[in-house]
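Q: Submitted below is the structure of interest, expressed as structure tokens.
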Amino acid sequence: MKKHRLLAINPGSTSTKIAIYDDDKPIFEKTLRHSADELAIFGGEITDQYEFRRQVIMDAVAEAGIGLDTLTAVVGRGGLLKPIPGGTYAITDRVIEDSRRGVQGKHASNLGPILAKGIADQYNLPAFFVDPPCVDEFEPLARLSGVPEIPRRSLLHALNLKAVGRRVAADLGVRFDDLNLVMVHLGGGISCVPSKKGRFVDVNNATEEGPFSPERAGTVPCQELTKLCFSGKYTEKEILRRLVGQGGMVAYLGTNNAQEVVKRIQAGDSQARLVLETMAYQIAKEIGAMATVLKGEVDYVIVTGGLAHCEMLVDWVKERVGWIAKVLVYPGEEELPSLVEGALRVLRGEEEARVYQ
38 MKKHRLLAIN PGSTSTKIAI YDDDKPIFEK TLRHSADELA IFGGEITDQY
88 EFRRQVIMDA VAEAGIGLDT LTAVVGRGGL LKPIPGGTYA ITDRVIEDSR
138 RGVQGKHASN LGPILAKGIA DQYNLPAFFV DPPCVDEFEP LARLSGVPEI
188 PRRSLLHALN LKAVGRRVAA DLGVRFDDLN LVMVHLGGGI SCVPSKKGRF
238 VDVNNATEEG PFSPERAGTV PCQELTKLCF SGKYTEKEIL RRLVGQGGMV
288 AYLGTNNAQE VVKRIQAGDS QARLVLETMA YQIAKEIGAM ATVLKGEVDY
338 VIVTGGLAHC EMLVDWVKER VGWIAKVLVY PGEEELPSLV EGALRVLRGE
388 EEARVYQ
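For the working numbering, count along the sequence shown from 1 and bump the result up by 37.
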């Protein structure tokens, strides 16, 4: 089998994580931190950071003594593009255009395809993105919200959830496409999906629905939110920050660090316990709701994401949902290896690269 060397790129708001893999073996990994002063000169448009971040990546790889001319392909994290099915996609000019526009919102992940193709084109290499946050495999029943002007949108931690679903299936010795799973990604935001034979047929939009998370408000009473919006106390930007970034656990406790909250609980802080246990309660309710999408035919409940390292939270969730199906915990969010796995499936001929329309 032909060997492949891949560069994987995962841009975040203040860092760019990169790795080089020889097939599925990492030979170089680095998190490139970007200071507030470095980023301030670019203003509010994150895609304007392209040249700066590209050069930082190339300098880091050169410093590691790895020639970019030895690569087989480049893969970047996908951004907030138009709704598309899951899979590995070739990066085309249309992908770049929609990444720059941010058709479903401005986010650091929009830089992923732009960086990947920019570097790949210098060496005449294929460039891919894999299972972006805009993966949409909804069934028609999942789209209606109750307000025709506001259809429900699929925005989620698709990259990690799809990769973990495949990992679970491999560990069980079955195909991902043969399993019915309720999967929940626990991170700064929370995504809970019913995975029906490998398809994510519903999800709470992780930016505006579902359980509150360490820094997101989740579903809130809409009439009271409307009153708050028109109270004159807040600007639109301030309201949005209270919902995403300053909502959830950080709004109640002043921290988004679950381990710090656990320490407070162990020291006897009853408010900290109430907030963390409420988050677990809401997560469990969402898992139960998604089990109904699968009509109760759930093979396993899967818990993943960085927050899945918090045993106290996970144990509270398991207490409430263990009756639905056996709960399997896969803590962490390994986005770089997940990107590599997606690109390798195409390079090895196991699946065809999808075309973004």
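We put the beta carbon where it would ideally sit given N, CA and C, even for glycine.
Can you list, in chain order, the residues of its chain with a C-beta nearer than 7 Å to that of Val366? Leave out the 5 residues immediately preceding and following it.
A: So the qualifying residues of the chain are Val340, Ala345, Val351.
Q: In whole angstroms, what separates the C-alpha of Glu388 from that of Leu198?
A: 19 Å
Q: For the 8 Å Cβ check, are there 3 or more pairs between the stretch 70-78 and the stretch 168-183?
A: no
Q: Residues in its own chain within less than 8 Å of Asn161 by CB, not counting five upstream and five downstream?
A: none
Q: If you compare alpha carbons, which of Pro63, Ala254, Gln308 is closest to Ala45?
A: Between Ala45 and the set Pro63, Ala254, Gln308, the nearest pair of CA atoms involves Pro63.
Q: What's the C-alpha gap between Ile227 and Leu108?
A: 35 Å
Q: On the DSSP bridge list, what partners appear for Met220?
A: DSSP, once it has assigned bridges, lists Val230, Ile339 as partnering Met220.
Q: Taking all protein chains shown into account, do 16 or more other C-beta atoms lie within 10 angstroms of the C-beta of Phe267, making it buried, or fewer, making it exposed?
A: exposed
Q: On the three-state DSSP scale, how would you describe Tyr160?
A: The answer is coil: DSSP assigns Tyr160 none of H, G, I, E or B.
Q: Counting only runs that start and end within the stretch 57-87, where is the alpha helix (DSSP H) found for 4 or more residues in a row?
A: 73-77
Q: Would you decide whether Ile57 is buried or exposed? Buried here means 16 or more other CB atoms lie within 10 Å of its CB.
A: buried
Q: Ignoring anything shorter than 4 residues or poking outside the stretch 274-303, list the alpha helix (DSSP H) runs there in chain order.
A: If we require 4 residues or more, the alpha helix (DSSP H) runs fully inside the stretch 274-303 come out as 286-290, 295-303.
Q: Who does Gly369 pair with in a DSSP beta bridge?
A: Gly342
Q: Rounded to a whole number of angstroms, what is the C-alpha to C-alpha distance between Val240 and Val221?
A: Val240 and Val221: Cα-Cα distance of roughly 10 Å.
Q: Between the stretch 100-118 and the stretch 154-170, do three or more beta carbon pairs fall short of 8 Å?
A: yes
Q: Please report the residue range of the alpha helix (DSSP H) in which Arg204 lies.
A: 195-209
Q: Do the stretch 179-187 and the stretch 147-157 meet, that is, are 3 or more Cβ pairs less than 8 Å apart?
A: no
Q: Under 7 Å Cβ to Cβ from Asp85, same chain only, skipping five residues before and after it: list those, please.
A: Phe79
Q: Would you kindly work out how many angstroms separate the C-alpha atoms of Arg203 and Gly325, rounded to a whole number?
A: One C-alpha to the other measures close to 22 Å.
Q: For the ligand COA, I want to know if Glu348 counts as a neighbour, meaning its beta carbon is within less than 8 Å of at least one of the ligand's heavy atoms.
A: Questions concerning the ligand COA fall outside what the structure shown contains, since it holds no ligand whatsoever.
Q: Tell whether a beta-carbon distance below 9 Å holds between Gly342 and His144.
A: no
Q: Would you mind working out which of Thr244, Val219, Ala243 sits nearest Lys233, comparing C-alpha positions?
A: Val219
Q: Who are the near neighbours of Thr129 in its chain, counting only those whose CB is closer than 8 Å to its CB and skipping five residues on each side?
A: Closer than 8 Å at Cβ, skipping near neighbours: Val392, Tyr393.
Q: Are the Cβ atoms of Phe165 and Ala390 separated by less than 9 Å?
A: Between Phe165 and Ala390, the CB-CB gap stays under 9 Å.
Q: Along the chain, where does the alpha helix (DSSP H) that runs through Ile46 open and close?
A: Careful: Ile46 lies outside any alpha helix (DSSP H), inside the beta strand (DSSP E) at 42-48.
Q: What does the Cβ neighbour count give for Ala110, buried or exposed, with the cut at 16 atoms within 10 Å?
A: buried
Q: Of the choices Leu311, His41, Ile55, whose alpha-carbon is the least far from that of Asn47?
A: Out of Leu311, His41, Ile55, Ile55 has the C-alpha closest to the C-alpha of Asn47.
Q: Helix, strand or coil for Leu113 per DSSP?
A: It is Gly, not Leu, that sits at residue 113 in the sequence shown. DSSP places Gly113 in strand when its eight states are reduced to three.
Q: Distance, Cα to Cα, Glu348 vs Met286?
A: 17 Å
Q: Return yes when the Cβ of Ala380 is within less than 9 Å of the Cβ of Thr53, no when it is not.
A: no
Q: Please report the straight-line C-alpha distance between Asp135 and Leu118, rounded to a whole angstrom.
A: 6 Å
Q: Beta carbon of Leu216, beta carbon of Tyr87: below 9 Å?
A: With contacts defined as CB atoms closer than 9 Å, Leu216 and Tyr87 fail to qualify as a contacting pair.
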